[in-house]
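The sequence shown begins at 0 in numbering that gives the first Met the number 0 and counts up one residue at a time.
C-beta: ideal position from N, C-alpha, C; glycine also.
Just below is one structure, and these are the notes that go with it.
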Amino acid sequence: MVENCTQVTRFLLLGLTEQEGPKGILFLFFLFIYSITLTGNLGMITLIHTDSQLHTPMYFFLSILAFIDSSFSTINTPSLLKSFLTSGLSISFAGCVVQMALMTLHGATECLLLSIMAYDRFAAICHPLLYHTIMSQRLCVRPVVATYTASVANSALLTGYIFKLPYCGPNVINHYFCDIPPVLQLAVSYAYILVTICRIRSLEAQSKTLSTCASHLTIICLFYGTITFMYAQPSSHSSTEQNKVVSVFYTVVIPMLNPLIYSLRNKDVKTALKRRCLGKLPS
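Structure below.
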């Protein structure tokens with residue numbers, strides 16, 4: 000069954016909503032959010048790197064977070080905007096692989112970086128006298144490099160598992176980007192395959208048929224064992240629609256809010272921004 004399937008070469012993304020009425024308003028709304036996201040995060044990176052008084056471990060990590068957020072948003076927001084202008088957005092199989100890999104990479108990197116930032120604050124508050132020794136420049140760069148290395152490995156592993164599955168029939172993804180759950184819904188149903196194998200009367204034929212999909216079954220077990228903690232919820236039409244809405248928050252809205260939450264409420268950043276705007280940069 001697996002050997003005889005015709006591999007899907009393109010996927011059709013349904014977008015955030017199929018209702019034509021609000022698409023124009025949603026396009027302008029998310030275009031505004033995307034503009035604020037890029038302006039806020041890229042502006043924060045520029046401010047931190049040009050103001051010497053912000054050359055501290057905390058702001059170094061904030062600049063990395065701003066870079067991740069701007070990249071994270073750029074991966075999927077253009078596709079979201081395009082989905083409001085067209086009815087059905089097509090993406091190649093390879094494009095879907097790249098998009099999912101980049102989304103997984105940046106998502107994992109941000110999670111790990113936030114943990115590093117928490118440790119930085121712990122060191123600053125609990126060990127203030129040793130802070131600059133604990134969080135030296137070398138020790139700041141190393142965890143960032145380790146974070147990206149681990150995230151690349153995680154992204155390659157998960158994406159590799161997913162796209163080794165056979166995609167033979169449906170190619171319509173009920174989402175605005177190649178997210179993990181909706182893509183997995185298009186893979187061959189192994190429960191159906193196993194039922195079909197059990198109905199074969201010949202033991203030799205059963206063994207031969209099972210051997211053709213054993214590797215895929217192994218991949219399924221490895222994959223679900225890896226991501227169950229992230230996507231452990233019942234699969235239904237309503238949950239799929241809810242997932243799309245939730246995705247908007249962590250891929251579009253949160254990258255816009257991070258500069259406000261982590262940076263613009265900080266007194267040092269406000270002072271540096273005033274100096275920057277007034278043209279009074281420290282010597």
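Below 6 Å CB to CB, which residues in the same chain sit around F71 once its five sequence neighbours on both sides are set aside? The residue given as residue 71 occupies position 72 in the sequence shown. H105 and P254, listed in sequence order.
If you reduce the DSSP assignment to three classes, tell me which class V7 lands in. The sequence position of residue 7 within the sequence shown is 8, counting from 1. In this structure, V7 counts as coil in the three-state DSSP scheme.
Less than 9 Å separating the beta-carbons of H131 and K243? In the sequence shown, the residue the question calls residue 131 occupies position 132. In the sequence shown, the residue the question calls residue 243 occupies position 244. Not closer than 9 Å, so no.
Are the CB atoms of G39 and P181 nearer to each other than 9 Å? Here the question's residue 39 lines up with position 40 in the sequence shown. Here the question's residue 181 lines up with position 182 in the sequence shown. No; because the gap between Cβ atoms is not below 9 Å, this pair is not in contact.
Taking just the CA atoms, how far does P165 sit from G42? As a working note, residue 42 is residue 43 in the sequence shown. As a working note, residue 165 is residue 166 in the sequence shown. Their backbone Cα atoms lie some 44 Å apart in a straight line.
Closer than 8 Å is the cut-off here; do at least three beta carbon pairs connect the stretch 106–122 with the stretch 21–40? The stretch 106–122, when compared against the stretch 21–40, does not touch it at the 8 Å Cβ threshold.
Which runs of the beta strand (DSSP E) fall wholly inside the stretch 72–103 and span at least 3 residues, in chain order? 88–91
Quick one: residues in its chain with C-beta nearer than 6 Å to the C-beta of L157, no 5 flanking neighbours on either side, listed in chain order? Taking the sequence shown and counting its residues from 1, one reaches residue 157 at position 158. Once the five neighbours on either side are set aside, the close Cβ partners of L157 are T103.
Measuring alpha carbon to alpha carbon, tell me which residue in L129, H54, L101 and V247 is nearest L15. For the purposes of this step, residue 15 is identified with residue 16 of the sequence shown, where counting begins at 1. Considering only alpha carbons, the answer is V247.
Spell out the partners DSSP gives I172 in its beta bridges. Within the sequence shown, residue 172 is the residue found at index 173, counting from 1. DSSP lists L12 as the bridge partner or partners of I172.
Going by the CB atoms, is the gap between P56 and M134 shorter than 9 Å? Here the question's residue 134 lines up with position 135 in the sequence shown. Here the question's residue 56 lines up with position 57 in the sequence shown. For M134 and P56, yes; Cβs fall inside 9 Å.
Pick helix, strand or coil for Y166, following the three-state DSSP scheme. Against the sequence shown, residue 166 aligns to sequence position 167. Shown here, Y166 sits in coil according to DSSP, grouped into three states, outside any helix or strand.
State the start and end residues of the unbroken alpha helix (DSSP H) segment that holds S34. Here residue 34 refers to the residue found at position 35 of the sequence shown. Start and end: K22 to T49.
Could you tell me how far apart the beta carbons of F162 and V96 are, in whole angstroms, since I believe they sit closer than 8 Å? Walking along the sequence shown from the start, residue 162 turns up at place 163. Walking along the sequence shown from the start, residue 96 turns up at place 97. So it is a contact: roughly 5 Å between Cβ atoms.
From what residue to what residue does the alpha helix (DSSP H) around C177 run? Mapped onto the sequence shown, residue 177 falls at position 178. From DSSP, C177 is part of no alpha helix (DSSP H); its letter is neither H nor E.
With a CB to CB cut of under 8 Å and the five nearest residues on each side skipped, what residues in its chain are close to L53? Within the sequence shown, residue 53 is the residue found at index 54, counting from 1. L46, I47, D267, V268 and A271, listed in sequence order.
What's the gap between the Cα of N170 and the Cα of R137? Residue numbering aside, residue 170 sits at position 171 when the sequence shown is read from its first letter. Residue numbering aside, residue 137 sits at position 138 when the sequence shown is read from its first letter. Distance between the alpha carbons of N170 and R137: 47 Å.
Three-state secondary structure assigned by DSSP to S285: The chain is shown only over 0 to 282; residue 285 falls outside these bounds and no answer can be derived.
Could you work out which residue in L84, L64 and P142 is closest to Q18 when comparing CA atoms only? Here residue 18 is taken as the residue at index 19 of the sequence shown, counted from 1. Checked all of L84, L64 and P142; the closest Cα to Q18 is L84.
Other residues of its chain near G23: CB distance less than 8 Å, five sequence neighbours each side excluded: Residue numbering aside, residue 23 sits at position 24 when the sequence shown is read from its first letter. Counting only Cβ-Cβ distances below 8 Å, and skipping sequence neighbours, we find F83.
Please state whether DSSP places T55 in a helix, a strand or coil. Within the sequence shown, residue 55 is the residue found at index 56, counting from 1. In the structure shown, T55 sits in coil (DSSP, three-state: anything other than H, G, I, E or B).
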